[in-house]
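Undergrad:
Numbering (this note's numbering), first residue to last: 11 to 663.
1. Compare the C-alpha of residue 552 against each of 420, 113, 627, 42 and name the closest.
2. Assuming residue 647 is part of the beta strand (DSSP E), what are its boundary residues?
3. With H, G and I counted as helix, E and B as strand and the rest as coil, what does DSSP make of residue 555?
4. Compute the distance between the beta-carbons of residue 403 and residue 526, then report whether it is under 7 Å.
5. If you follow the alpha helix (DSSP H) that residue 377 is in, where does it begin and where does it stop?
6. Distance check for residue 474 and residue 458, CA to CA, integer angstroms please.
7. Under the assumption that residue 415 contacts residue 334 (Cβ atoms under 8 Å), give the Cβ distance between them as a whole number of angstroms.
8. Taking Cβ to Cβ, would you say residue 194 is nearer than 7 Å to residue 221?
9. Is the beta carbon of residue 456 sitting closer than 7 Å to the one on residue 523?
10. Just list the residues that DSSP pairs residue 575 with in beta bridges.
11. Tell me where the alpha helix (DSSP H) around residue 255 begins and ends.
12. Is it true that the CB of residue 185 sits closer than 7 Å to the CB of residue 176?
13. Give the single residue among 546, 424, 434 whose Cα lies nearest to the Cα of residue 369.
14. Please state if the CB of residue 466 and the CB of residue 516 are separated by a distance shorter than 7 Å.
15. To the nearest angstrom, how far is the alpha carbon of residue 199 from that of residue 533?
16. What is the residue span of the beta strand (DSSP E) that residue 522 lies within?
17. Should residue 167 be labelled buried (16 or more other beta-carbon atoms within 10 Å of its own) or exposed?
18. Closest by CA to residue 660, which one among 99, 566, 615?
19. Which residue marks the beginning of the alpha helix (DSSP H) containing residue 469, and which one marks its end?
20. From the DSSP output, read off the bridge partner residues of residue 184.
21. Using the Cα positions of residue 144 and residue 55, report the straight-line distance between them to the nearest angstrom.
22. Just mark residue 564 as buried or exposed, buried being the case when its beta carbon has 16 or more other beta carbons within 10 Å.
23. How should residue 37 be labelled, buried or exposed, when 16 other C-beta atoms within 10 angstroms of its C-beta is the threshold for buried?
24. Given residue 594, which residues of its chain have a CB within under 8 Å of its CB, disregarding the five upstream and five downstream residues?
25. Does the segment 117-127 touch the segment 66-77, meaning 3 or more C-beta pairs lie closer than 8 Å?
26. When the Cα of residue 280 is compared with those of 258, 213, 226, which residue comes out closest?
27. Can you list, in chain order, the stretches of the beta strand (DSSP E) that have 3 or more residues and sit fully within the segment 400-460?
28. On the criterion of 16 or more Cβ atoms from any shown chain inside 10 Å, does residue 645 qualify as buried, or is it exposed?
29. Name the two residues that bound the continuous alpha helix (DSSP H) containing residue 227.
30. Kindly indicate the opening and closing residues of the beta strand (DSSP E) around residue 510.
31. Please state whether DSSP places residue 147 in a helix, a strand or coil.
32. Distance check for residue 164 and residue 227, CA to CA, integer angstroms please.
33. For the beta strand (DSSP E) containing residue 398, list its first residue and its last residue.
34. Within its chain, find whatever has a CB closer than 7 Å to the CB of residue 600; leave out the 5 residues flanking it on each side and keep chain order.
35. Pull up the distance between the alpha-carbon of residue 181 and that of residue 189, whole angstroms please.
36. At what residues does the alpha helix (DSSP H) containing residue 607 begin and finish?
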């Protein structure tokens, strides 16, 4: 800028011009600055402080800032041009006015649009006033329906979850199969455990894969029938994964599963129940058969005794050779029939027993020579003695009969060659080991087992194994009473019998007998270790000549003196002269003639109270029998008896 103070006239003129321009700019800038507040207040009154207040604040702040900055200009001195601040004020005011004009335009346009919108809404509200209640009511109904459907869907989801839980975790085996293809669609955990398959393996199967071949036709008929409700469909046999058969009771109902016709099946395992039912029926059947056989045998035994008695009388009366031969044939046949009747009595559990502690190992060792002769040289016999074997509480005669019959049965199963094993053991059984047999019990028992390597038994033979006259031997040999007698004898001694067999491999029979109580064993030991009984004189009264001769020989061989009488009447005739020497009366309980053995014993005891008495007979005495008081004080020896039994009875008194 030229120096205004050194320029002469021209400098003065120029200064005047600048002063005029400065004044003009000051006036213009002042007017513009005054216009800004008034315009701002107008905008505030028209549009409200909440809409344009922010811009008004900015405008006033900008003017204040210009007035604060201008005095700080470093070039402001006497020679500077003083119009510059006024120019800045004017320009700033113009810019603020332009901005407020723009703000007014924008806000005005917004007001116009909002007014138009309010008008449109007013017209729309006027037109929709009649429809609004209906729409509100419909909307409320829709909302209620949506809420109801939400609740239904929630209930359905909960019900489905509960159903799946009940189905999957149900303790009863259940599965669902497709009626069209028989494929399994769903299976619960209990069924997986029952059949032994995994879920994937089960899904790959059909129902027919679980059935025996003979049941497929019945299954197809079953699928063709409708199941409108839960219906029982009888017993079915299925197979587990390992091939074990299962007896099932099926209950089914038709359903729709995943859009396909299906059937829900509940399969209750009744294998053990049916087995127990069959065993119970078999036991009842055997009891009935044995009772009938025993009843028949009792009658035949009495009739055969009469035949033998009359035959003996006729043999004494006749001397004709032909008649004697025929009578001997009759006597022989009646003796065989009597033996058969007694075997029937054993089978029917009617044979009287004398229970005593018995060492099975000693009995088997004593019987081995006889058993080897029965079996022959082509069969090897092996005896496996059980260690620390408990004495069994049994009848020795019945156990011997059991052993012989089992050995004979094994011999028939090994016609050419084989091996027979006799073993003994003391076992303690728990409840789990007795579930397969209704007659078995938990506790301690003595087991006698006879096994062979013979031909085994077919299911048809096993079905009637212990029935009287059911021929189990190969080729139909024998009369079929051996195993029936074994069964009856074992049950009569409070035991039971089990067997296992396999065709072509062999069979094993296991007899379980109760152990002897410790008190009985101790009493037996004390008796055996006692001092020997003094020998004496025995009055032997026996109508059977052969049995009387046997008893006389046995007693004589053991240093007893014997006085014989064939009936009670003869004994009474001998008594006065021999009473002082007789120490023991050995008599048949029922004896022949008018006087029974009971009455004879009563009379002799009256004259000699200390007389020892041993009764023999086919059954134990009954309490109602005359002379019962005497019978209760005597020893009872069952016929037929062995020499050992006779000596035990005589020495016991």
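Where a beta carbon is used, it is the ideal one built from N, C-alpha and C, also for glycine.
TA: Looking at the coordinates:
1. Comparing Cα positions, the closest option is 627.
2. Residues 645-648.
3. Residue state, collapsed to three classes: helix.
4. It is a contact, given that the beta carbons lie within the stated cut-off.
5. Per DSSP, the unbroken alpha helix (DSSP H) holding residue 377 starts and ends at 370-385.
6. Approximately 22 Å, taken between the alpha carbons.
7. In fact, because the Cβ distance is near 35 Å, the residues do not count as touching under 8 Å.
8. When the beta-carbon positions are compared, residue 194 and residue 221 stay at least 7 Å from each other.
9. Cβ distance < 7 Å, so residue 456 and residue 523 count as in contact.
10. Looking at the DSSP assignment, residue 575 forms a beta bridge with 551.
11. Secondary structure note for residue 255: it is in no alpha helix (DSSP H), and the uninterrupted beta strand (DSSP E) holding it is 255-267.
12. In this structure, residue 185 does not lie closer than 7 Å to residue 176 by Cβ.
13. Per the Cα distances, 434.
14. Yes. Within cutoff.
15. Using only the alpha carbons, I get a separation of about 59 Å.
16. Per DSSP, residue 522 belongs to the beta strand (DSSP E) from 516-523.
17. Counting the other Cβ atoms within 10 Å of the Cβ of residue 167 gives fewer than 16, which makes it exposed.
18. Of 99, 566, 615, the residue nearest in Cα terms is 566.
19. Residue range 469-473 is occupied by the alpha helix (DSSP H) that includes residue 469.
20. Looking at the DSSP assignment, residue 184 forms a beta bridge with 276.
21. Rounded to the nearest angstrom, the two C-alpha atoms are 44 Å apart.
22. Classification for residue 564: buried.
23. By the neighbour-count rule (16 or more Cβ atoms within 10 Å), residue 37 is not buried but exposed.
24. Counting only Cβ-Cβ distances below 8 Å, and skipping sequence neighbours, we find 546, 547, 548, 549, 621, 622, 623, 624, 660, 663.
25. Judged by Cβ distances under 8 Å, the segment 66-77 makes no contact with the segment 117-127, as fewer than three pairs qualify.
26. Distance check between residue 280 and each of 258, 213, 226 places 258 closest, using alpha-carbon atoms only.
27. Unbroken beta strand (DSSP E) stretches of 3 residues or longer found wholly inside the segment 400-460: 402-404, 428-439, given in chain order.
28. Buried: at least 16 other Cβ atoms inside 10 Å.
29. From DSSP, the alpha helix (DSSP H) with residue 227 extends over 226-234.
30. Bounds of the beta strand (DSSP E) holding residue 510 are 506-512.
31. DSSP places residue 147 in helix when its eight states are reduced to three.
32. Near 45 Å, if we compare the C-alpha coordinates of residue 164 and residue 227.
33. Boundaries cannot be given for residue 398, as no beta strand (DSSP E) includes it and DSSP labels it neither H nor E.
34. Hits under 7 Å: 606, 607, 627.
35. The straight-line gap separating the alpha-carbon atoms of residue 181 and residue 189 is approximately 24 Å.
36. According to the DSSP assignment, residue 607 belongs to the alpha helix (DSSP H) that extends over 607-617.
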